[in-house]
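2 protein chains.
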Amino acid sequence: MRESRFEDLAEQVYRALREMILTGELVPGQKLVQEALSERLGVSRTPLLAAFSKLEKELLVELVPRRGAYVKRLSPLELLHLYDVRLRLEPLGAAEAARNLDAAGRAELEKAFSAYRDCVTDRDAARVRVADFEFHGILMRLSRNSILDRILSSFAIVLASNQRGLMKPMEKSLAEHEALVEAILRGDEGRAESIMHAHLAEARDAAAALAAGAAGPAAGGI
Amino acid sequence: MRESRFEDLAEQVYRALREMILTGELVPGQKLVQEALSERLGVSRTPLLAAFSKLEKELLVELVPRRGAYVKRLSPLELLHLYDVRLRLEPLGAAEAARNLDAAGRAELEKAFSAYRDCVTDRDAARVRVADFEFHGILMRLSRNSILDRILSSFAIVLASNQRGLMKPMEKSLAEHEALVEAILRGDEGRAESIMHAHLAEARDAAAALAAGAAGPAAGGI
DNA sequence: GGTCTATGTTTTGTATACAATATTTTTAGG
DNA sequence: CCTAAAAATATTGTATACAAAACATAGACC
């Protein structure tokens, strides 16, 4: 066994900041002052710096030399671009998950889906968002494509993206997820891929409309 | 103008290490000892740490807590997965580049292509590899999809991937690039996309063969 | 009164110092 | 001669200290 149960402070700080950004405790555009944060988290500035580096690569933080670190604000255009990328990658992941599913994966998938369904039943929008994020994340992990999983889980941003009011009605989304799960459990790669594609294409189009709207009227603030 | 001409030591170190890894000066599996490297680069260990964090997110470095940093070695399977991802993303980039091309982009594209062609003319395999990498990188930049550009340029690894003897004959690759450039200059999105797809599909299949071979005979070392 | 400059304060970037863990070497035992 | 424990060494992780740059404030000049 070569792994280590030890966890970097940098890693903990990274996760703490990520959480704070995703929950909205730190809002887009906000400056991340090193000393204030390190005091708040009870660590020195050193691990903070490493965490900033990681978060910058995930598009959650913007690092301006000599100026500081800021919570990144996604422009409507970047949001659209993000959906364009998801639209290409997640159907691949769904297909590979369908192909590579085993008993353990099946259990994980069913668990994630039922957690999602419960949130929808409760009509708790905030929790639905998180559960949806986790569902997609688990699916990509089940694809057994480590590169794909890495890229997509890197973009925790996808959660932030859903905050912008382009969530579709819960029931519709639930039905799509259900069909997707069913296809994957059956091992139907082609259908899993096309359902995922359709599922994301709508969101992408909503993002496109948003981007088009933002480009016109208001000159779109960065 | 809000940008800053100042450059972090961390950024410089990051680029220096990246270069060293890509040129093979640092070989996969090699341990990156902090003190040795910081002496060699003439900086303290602090900026080195930030650089490690960045490189880890790019899959160029593996960070094992309390054990150290190692130059990551891509397994044949990971290589295949990487091509699966490229196969989905780069055709999108080619299409968007064709759609969004302007005069400046046209000039950049032609310059990158002619640099590439010159390397092929000289039959200098090492330089062809670098020129190919830059050509693809510029193309993704021309797509104007910042997310896409970011993901793919993150994976400097793509260069490393080409080192594994799955480069196709130079003339064939040159012809494909030429057709691609022509399609983009014409603004033919569909054709640009399909050429790029075909261009990468072959490499992907070679990677698949390699992965299948590695999984069978030798039990595939990580 | 407004703008430019000078000074003081805050904040970042980097180096260094120290503590804790991993690795290597030495030494004792079977 | 090989194995196993213990000491010594090396290396990482983290905090702190200091220098340089950015920012804010106040004063002088037009």
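If you read the protein sequences in the order shown, they are chains R and D. Quick note: the first sequence uses the working numbering, first residue 1, plus one each step. Quick note: the second sequence uses the working numbering, first residue 1, plus one each step. Note that beta-carbon positions come from the ideal geometry of N, C-alpha and C, so glycine has one too.
Do three or more CB pairs link the region 164 to 180 of chain D to the region 110 to 118 of chain D at distances below 8 Å? yes
So, with DSSP's three-state summary, where would you put D/E171? As a position in the second sequence, residue 171 of chain D is number 171, starting the count at 1. Here D/E171 sits in helix by DSSP.
Measure the CB-CB distance between D/E110 and D/V181 and report whether it falls below 9 Å. As a first step, residue 110 of chain D is located in the second sequence; it is residue number 110 there, counting from the start. As a first step, residue 181 of chain D is located in the second sequence; it is residue number 181 there, counting from the start. Going by C-beta atoms, D/E110 is nearer than 9 Å to D/V181.
As a quick exercise: from D/P76, D/A16, D/D124 and D/T46, pick the residue whose alpha carbon is nearest that of D/L166. Mapped onto the second sequence, residue 166 of chain D falls at position 166. Measuring from the Cα of D/L166, the nearest candidate turns out to be D/P76.
So which residues of chain D does R/V85 contact, with C-beta pairs closer than 8 Å? For the purposes of this step, residue 85 of chain R is identified with residue 85 of the first sequence, where counting begins at 1. Those are L89, L92, N145, I147, L148 and I151, listed as they occur along chain D.
Tell me the rounded alpha-carbon separation between R/H197 and D/D122. As a working mapping, residue 197 of chain R is identified with position 197 in the first sequence. As a working mapping, residue 122 of chain D is identified with position 122 in the second sequence. Between R/H197 and D/D122, the C-alpha separation is close to 44 Å.
Would you kindly report the start and end of the unbroken alpha helix (DSSP H) that includes D/L210? Within the second sequence, numbered from 1, the residue matching residue 210 of chain D stands at position 210. Start and end: E189 to A215.
Taking beta-carbon pairs under 7 Å, can you tell me which members of the region 38 to 54 of chain D lie near chain R? L49, A50, S53 and K54
What are the boundary residues of the beta strand (DSSP E) that R/G105 is part of? By one-based count along the first sequence, residue 105 of chain R stands at place 105. Element bounds for R/G105: not the beta strand (DSSP E) but the alpha helix (DSSP H), A103 to D122.
For D/A112, which residues of its own chain have a beta-carbon under 7 Å away from its beta-carbon, when the five flanking residues on both sides are left out? Taking the first residue of the second sequence as position 1, residue 112 of chain D is located at position 112. Within the same chain, D/A112 has close Cβ partners E134, F135 and I138.
How far does the beta strand (DSSP E) with D/E7 in it reach, from first residue to last? Position 7 of the second sequence, counted from the first residue, corresponds to residue 7 of chain D. Segment: none, D/E7 is in no beta strand (DSSP E) and carries neither H nor E.
Anything in chain R within Cβ reach of D/H81, meaning under 7 Å, just list it in chain order. Indexing the second sequence from 1 puts residue 81 of chain D at position 81. Near D/H81 (Cβ distances below 7 Å), the residues of chain R are N145, S146, I147 and L148.
With distances taken between CB atoms, is the gap from D/G68 to D/Q12 smaller than 9 Å? For the purposes of this step, residue 68 of chain D is taken as the residue at position 68 of the second sequence. For the purposes of this step, residue 12 of chain D is taken as the residue at position 12 of the second sequence. Going by C-beta atoms, D/G68 is not nearer than 9 Å to D/Q12.
D/V64 lies in the alpha helix (DSSP H); which residues open and close that run? As a first step, residue 64 of chain D must be located in the second sequence, where it is residue number 64. No alpha helix (DSSP H) contains D/V64, which is instead part of the beta strand (DSSP E) from V61 to V64.
What did DSSP end up calling R/V85 once you bin it into helix, strand or coil? Sequence index remark: in the first sequence, residue 85 of chain R carries index 85 (1-based). Note: R/V85 maps to helix in three-state DSSP.
Could you tell me which chain R residues have their CB closer than 7 Å to the CB of D/K72, listed as they occur along the chain? For the purposes of this step, residue 72 of chain D is taken as the residue at position 72 of the second sequence. None at all; the shortest Cβ gap to chain R is about 12 Å.
Reduced DSSP secondary structure (H/G/I, E/B, other) of R/V43: Here the question's residue 43 of chain R lines up with position 43 in the first sequence. In the structure shown, R/V43 sits in coil (DSSP, three-state: anything other than H, G, I, E or B).
Three-state secondary structure assigned by DSSP to D/V13: One-based indexing of the second sequence puts residue 13 of chain D at position 13. Of the three classes helix, strand and coil, the one that applies to D/V13 here is helix, per DSSP.
Taking one C-beta from the region 47 to 67 of chain D and one from the region 98 to 108 of chain D each time, how about it: are there three or more such pairs within less than 8 Å? no
Where R/G93 falls, given that 16 or more other Cβ within 10 Å makes a residue buried: By 1-based counting over the first sequence, the position of residue 93 of chain R is 93. The residue in question, R/G93, is buried, as its Cβ has 16 or more Cβ neighbours within 10 Å.
Since R/A95 contacts R/A192 with CB under 8 Å, what's their CB separation in whole angstroms? Position 95 of the first sequence, counted from the start, is the residue given in the question as residue 95 of chain R. Position 192 of the first sequence, counted from the start, is the residue given in the question as residue 192 of chain R. Between R/A192 and R/A95 the Cβ distance is about 6 Å, and since that is below 8 Å, they are a contact.
For the beta strand (DSSP E) containing R/G68, name the first residue and the last one. The residue you call residue 68 of chain R lines up with position 68 of the first sequence. G68 to V71 is the extent of the beta strand (DSSP E) around R/G68.
Excluding the five sequence neighbours on either side, which residues of its own chain have a C-beta within less than 6 Å of the C-beta of D/G187, listed in chain order? Numbered from its first residue, the second sequence carries residue 187 of chain D at position 187. Counting only Cβ-Cβ distances below 6 Å, and skipping sequence neighbours, we find A98.
Going along the chain, which residues of the region 117 to 136 of chain R sit with their C-beta nearer than 8 Å to a C-beta in chain D? none
For R/I127, the first and last residue of its enclosing alpha helix (DSSP H): Here residue 127 of chain R is taken as the residue at index 127 of the first sequence, counted from 1. According to the sequence displayed, residue 127 of chain R carries Arg and not Ile. A125 to L142 is the extent of the alpha helix (DSSP H) around R/R127.
Looking only at DSSP bridge pairs, what is D/K31 linked to? Mapped onto the second sequence, residue 31 of chain D falls at position 31. Note: D/K31 sits in a beta bridge opposite D/Y70.
Once the 5 residues before and after R/I21 are set aside, which same chain residues still bring their CB inside 7 Å of it? The residue given as residue 21 of chain R occupies position 21 in the first sequence. Answer for R/I21: L60 and V71, listed in chain order.
Which chain R residues are close to D/E78, counting only those with a beta carbon under 7 Å from its beta carbon? Looking up residue 78 of chain D in the second sequence gives position 78. Going along chain R in sequence order, the residues near D/E78 (Cβ under 7 Å) are S146 and I147.
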